[in-house]
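The next block holds one structure in the form of structure tokens; read it before the comments.
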Amino acid sequence: PEKLIPLIINNVLHGKNLPVYGDGMNVRDWLYVEDHCKGIDTVLEKGRLGEVYNIGGFNEETNINIVKLIIDTILRIMTNEPEYRKILKTDLEKINYNLITYVQDRLGHDARYAIDPSKIVKELGWYPETPFTIGIEKTIRWYLDNQKWMKNVTSGDYQNYYEKMYK
3 PEKLIPLIIN NVLHGKNLPV YGDGMNVRDW LYVEDHCKGI DTVLEKGRLG
53 EVYNIGGFNE ETNINIVKLI IDTILRIMTN EPEYRKILKT DLEKINYNLI
103 TYVQDRLGHD ARYAIDPSKI VKELGWYPET PFTIGIEKTI RWYLDNQKWM
153 KNVTSGDYQN YYEKMYK
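Quick note on the working numbering: the sequence shown kicks off at 3 and runs consecutively.
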């Protein structure tokens, strides 16, 4: 879970700092995983051999806004569904934007990953179905419901990687 979304979810649940590269203004095109899978399936079923199809979410957003959305969504879930609070390794009151910690940007880190998915829309009729705010909530809930898996993948060498990248 070294990528932004799983890293931030895990760190929020543990009350750890939320590392954000640079000023957090790097832009990415965000797409819910099931929509991505459906896009791949569409290319396999309808795409022309040898053609390239970009699968994008039509949802360009800054990293810092994604981090804030994750914080807000976790707080809402924890407030409205107290049964999930047993997962927290911190007090609910400590989950806020103050956890955001700006870290030095990686050398050569792209400021923008812009994807033009117009070809897959025009030629194959694919378009993402899940609004991003719904997709991020589903993603967060997956992590909440799969804590045993998360514990396994964040032990051992992951801790060494995390220390190297974010400390």
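Quick reminder that beta carbons are idealized off the backbone N, C-alpha and C, glycines included.
Asked	Found
Inter-residue Cα distance where the pair is Asn148 and His111	31 Å
CB of Leu126 within 8 Å of CB of Tyr55, strictly	yes
Cut-off 7 Å between Cβ atoms - residues of its own chain near Leu77, not counting five sequence neighbours on either side	Ile97
Buried versus exposed, by CB contacts within 10 Å (16 or more), Leu33	buried
Helix, strand or coil at Asp74 [DSSP, three-state]	helix
Residues sharing a beta bridge with Tyr23, DSSP	Val105
N-terminal and C-terminal residue of the alpha helix (DSSP H) that Val155 is part of	149-155
Exposure label - Val35; buried when at least 16 CB within 10 Å	exposed
Helix, strand or coil at Arg50 [DSSP, three-state]	coil
One or two residues paired with Arg87 in a DSSP bridge	Arg87 pairs with nothing; no bridge assigned.
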